[in-house]
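Protein chains in written order, with the working numbering: chain H, 1446 to 1795; chain R, 293 to 615. Have a look at the structure below, then the notes.
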Amino acid sequence: MVSLRFIAKRLLLLVPVLFGVATLVFAILQLSPGNPARAIAGQRASEEFVRQIERELGLNDPVWVQYGRFLVDTVQFDLGDSYTIQRDTPVRTILVNKLPITLELALYGQLIGILLGIPFGIISAVKQDTITDHLTRVGALSGISIPIFWSGPLVIFLFAQILGWLPTSGRIDAQRFVIEPITGLITVDTFVQGIQATLAGGFAVSHFGAFFSAVSHMILPAATIGIYSMALISRMMRSSMLEVIRQDYIRTARAKGQGAKITLLKHGLRNALIPVITVIGIQFGSLLGGAVLTETVFGIGGIGTLLVEAIKVGDYPVVQGTVLVFAFLFTLVNLGVDITYSALDPRIQQ
Amino acid sequence: MSTETEMGSGRTRGVFDRLRASPFLSDLLSNRLALAGLVIVFGMTAIAIAAKLFLDLEAISLTQFGVNPPRQAPGWWAELFGGGATTTTVGLLEYPFGTDGQARDIFPRVLYGAWYAMLYGTITVGISTVAGVGLGIVAAYFGDLTDNVVMRTMDVLLAFPSLLLALALVAIFPDGLGLWRAVAALTLVYTPRFARVIRGAALAVLEDEYVDATVALGATDPRVIVRHILPNCLAPITVQSTLNFGLAIIDLAALSFLGFGAPTGTPSWGLMLSNGVEQGLLTGQWWWSFFPGLFLAITVLGFNLLGDGMRDALDPRMREALD
């Protein structure tokens, strides 16, 4: 088991990193060109009006005063109000609405990656240096090498435009279905709606129309992410499995007369999975970063597209908030990975 | 192979023999996937240099409107399936990659894109390697406070998803810098990766007794670092640079794709891809984005194959075959 002391120590180490992250984000925005007050007021506003906004936002205060204010606000999760994208809406509200969209996509993508990556990795390791192994390895390396902003548009072109099997972009057929967010995860929400309708008026396939629409919109982006993620997972699975099956305890198990498959799954897989879990965690973090590209390609309005738009229009509080939240999530995921890892392999804690 | 060696001069034989004698190189060269990667990397470099030398950037940036045919599917594609925006038939090998929205021949532009990818990739990876290696070795060698300051700073940079940090950093630099701001941002993002790996490698070297011996003989700090630690860290440095080269090329293209990289009109793969996706795919002109993306993917694959092979060749655990 993981000792509480270990977890406490890791949490404590997180504080300086998060402090550094906040400082860096503040510095980046201080260095960014352009006057935020001008961005709010609009290009044609009078100089006087711009000055007034500057005063209201405290932009004329010394940098260290602004920095102190920023730190105090950030600790309280107050990320300020959006300048232009959703004027005067707290950035926190915008992020709370958009974050589930990004997380849902990443979760499905990761699920596909795990379900395909682990078996492929095992097969590749067991059949080391055969044609199967070579093909799987080249496949995995290609998966990592193909940029998502190339494969994404191509699968849209093929499956949505030419074949017409799946929708081109968005999260749901917005003209036919209206969803009320419950969890913010669209596949869950539409499914719950379907269940509710069924409970109220008996089962009908049409109750689940919105759910099917949401799922069909999810397939292409999730598969595109999934292939990338599968590539990384199967690579790690392969090398970890190769290392484990050379261990003495595997030979011992085989010498006892245990079957090859049982040995592989019971003794091999269990131990080989440990480093793979690390990769899955780290991979999840980078999926969050990759959301910027996936969401742009598939026209999904999560926090990835939000960030790109905010940078383009100079909505600094939104940029600040989004980057902070991404870094925070990324750090938390890494912490989770560390703790899981040490729970699985107690040697780490020493 | 053997005939080649026999036919070559004495010097050539010497080089081959030396290559064979090194376990790292022979392992690498006997790995077919790594060899394929090496061929791709050399090939792309050759294309890049040739494009820079023989292609006129002005000429391939010129619109061909007014010239027949203005907008054209790849010749072979038009021949086989018809289509394209015009009805004029061209030869099978004319416009092998078609022409784009401004009726420019895509083929030379894609070739020229190799120059941009290789050049800016080399600069990004080169600077972050030098900076990361420097910081990593200094942190390991001096330890204590230096180590803490350097590595905690690196931790902060590593706390961001990489593309995200690059995006935020790009915003600092003025638009006029074009691809250079992407290079600057990515250099900052990549440096910590090198620093972390090299610090680990340097710490391992510092454990070795010959380091104590040189220090005992009176070697100065710079001498120990340059003559002993650095050469013994070269292997992980090379692997890291190779693997990150592929990533850097993708990230540079990604920033251009999102509109924060190459200025409009530049024949960079990322920009051609983004224009092709935004304007060409919906109307069926798949070739606008397909070929730049294909070259990008092949180049990155080359670096990944090579980097992977190097890592395996350096890792003795991967050597023995499975019973």
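Glycine included, each C-beta is placed from N, C-alpha and C at the ideal position. Values in this document were obtained by computation on a predicted structure and should not be read as measured data.
Would you call residue i buried or exposed, if buried means 16 or more other Cβ atoms sit within 10 Å of its Cβ?
i                       : result
residue 1493 of chain H : exposed
residue 1742 of chain H : buried
residue 532 of chain R  : buried
residue 598 of chain R  : buried
residue 1543 of chain H : buried
residue 1548 of chain H : buried
residue 434 of chain R  : exposed
residue 545 of chain R  : buried
residue 1510 of chain H : exposed
residue 528 of chain R  : buried
residue 322 of chain R  : exposed
residue 1480 of chain H : exposed
residue 1491 of chain H : exposed
residue 440 of chain R  : exposed
residue 1546 of chain H : buried
residue 1641 of chain H : exposed
Opposite residue i in the DSSP bridges: which residues?
i                       : result
residue 1526 of chain H : H:1535
residue 397 of chain R  : R:391
Strictly below 7 Å CB to CB, what residues from chain R border residue i?
i                       : result
residue 1589 of chain H : 596
residue 1782 of chain H : In chain order: nothing, as chain R lies at least about 13 Å away.
residue 1582 of chain H : 325
Name the residue from the options whose alpha carbon lies nearest to the alpha carbon of residue i.
i                       : options                           : result
residue 1527 of chain H : H:1760, H:1643 and H:1773         : H:1760
residue 1724 of chain H : H:1507, H:1692 and H:1778         : H:1778
residue 568 of chain R  : H:1599, H:1580 and H:1543         : H:1599
residue 1541 of chain H : H:1499, H:1757, H:1765 and H:1748 : H:1748
residue 1476 of chain H : R:463, R:406 and R:432            : R:463
residue 1735 of chain H : H:1753, H:1720 and H:1532         : H:1753
residue 490 of chain R  : R:442, R:365 and R:458            : R:442
residue 392 of chain R  : R:403, R:366 and R:404            : R:366
residue 1552 of chain H : H:1708, H:1764, H:1769 and H:1633 : H:1633
residue 557 of chain R  : R:517, R:471 and R:466            : R:471
residue 1571 of chain H : H:1764, H:1708 and H:1663         : H:1708
residue 540 of chain R  : R:432, R:334, R:476 and R:343     : R:476
residue 427 of chain R  : R:344, R:494 and R:584            : R:494
residue 1550 of chain H : H:1525, H:1744 and H:1569         : H:1744
residue 1656 of chain H : H:1689, H:1639 and H:1648         : H:1639
residue 455 of chain R  : R:390, R:520, R:574 and R:553     : R:553
In whole angstroms, give me the CA-to-CA distance for residue i and residue j.
i                       : j                       : result
residue 605 of chain R  : residue 1573 of chain H : 15 Å
residue 1783 of chain H : residue 1677 of chain H : 19 Å
residue 379 of chain R  : residue 1644 of chain H : Reliability fails at residue 379 of chain R, whose pLDDT of 48 lies under 50, so the model's placement of it is uncertain and the value that follows must be treated cautiously. Cα to Cα, the separation comes out at about 59 Å.
residue 1522 of chain H : residue 1467 of chain H : 12 Å
residue 1727 of chain H : residue 1558 of chain H : 13 Å
residue 1454 of chain H : residue 1785 of chain H : 15 Å
residue 1630 of chain H : residue 1554 of chain H : 14 Å
residue 543 of chain R  : residue 501 of chain R  : 41 Å
residue 1693 of chain H : residue 1713 of chain H : 11 Å
residue 1740 of chain H : residue 1746 of chain H : 7 Å
residue 579 of chain R  : residue 1681 of chain H : 35 Å
residue 1515 of chain H : residue 1530 of chain H : 21 Å
residue 338 of chain R  : residue 414 of chain R  : 14 Å
residue 1697 of chain H : residue 410 of chain R  : 51 Å
residue 1787 of chain H : residue 474 of chain R  : 37 Å
residue 1504 of chain H : residue 1484 of chain H : 13 Å
residue 481 of chain R  : residue 1617 of chain H : 36 Å
residue 603 of chain R  : residue 1687 of chain H : 15 Å
residue 1796 of chain H : residue 1664 of chain H : Given a span of 1446 to 1795 for chain H in the structure shown, any question on residue 1796 of chain H remains unanswerable.
residue 525 of chain R  : residue 498 of chain R  : 11 Å
residue 1717 of chain H : residue 1578 of chain H : 17 Å
residue 1673 of chain H : residue 515 of chain R  : 44 Å
residue 328 of chain R  : residue 336 of chain R  : 12 Å
Against residue i, what residues of chain H qualify as contacts under a CB-to-CB distance less than 7 Å, listed in chain order?
i                      : result
residue 335 of chain R : In chain order: nothing, as chain H lies at least about 15 Å away.
residue 453 of chain R : 1730, 1731, 1733, 1734, 1771 and 1775
residue 407 of chain R : Correct list: empty, because the minimum Cβ distance to chain H is about 19 Å.
residue 600 of chain R : 1586
residue 589 of chain R : 1590, 1591, 1592 and 1595
Identify the contact partners of residue i in chain H, using a Cβ-Cβ distance below 9 Å as the criterion.
i                      : result
residue 466 of chain R : 1478
residue 444 of chain R : 1461, 1462 and 1465
residue 593 of chain R : 1583, 1586, 1587, 1589, 1590 and 1591
Starting from the beta carbon of residue i, find every residue of chain R whose beta carbon is closer than 8 Å, and list them in chain order.
i                       : result
residue 1738 of chain H : 455, 546, 549 and 550
residue 1764 of chain H : 460 and 463
residue 1602 of chain H : 573 and 578
residue 1473 of chain H : 460, 461, 463 and 464
For residue i, go through chain R and note every residue whose CB falls closer than 9 Å to its CB, in chain order.
i                       : result
residue 1612 of chain H : Neighbours of residue 1612 of chain H on chain R: none; closest Cβ ~14 Å, over 9 Å.
residue 1727 of chain H : None at all; the shortest Cβ gap to chain R is about 10 Å.
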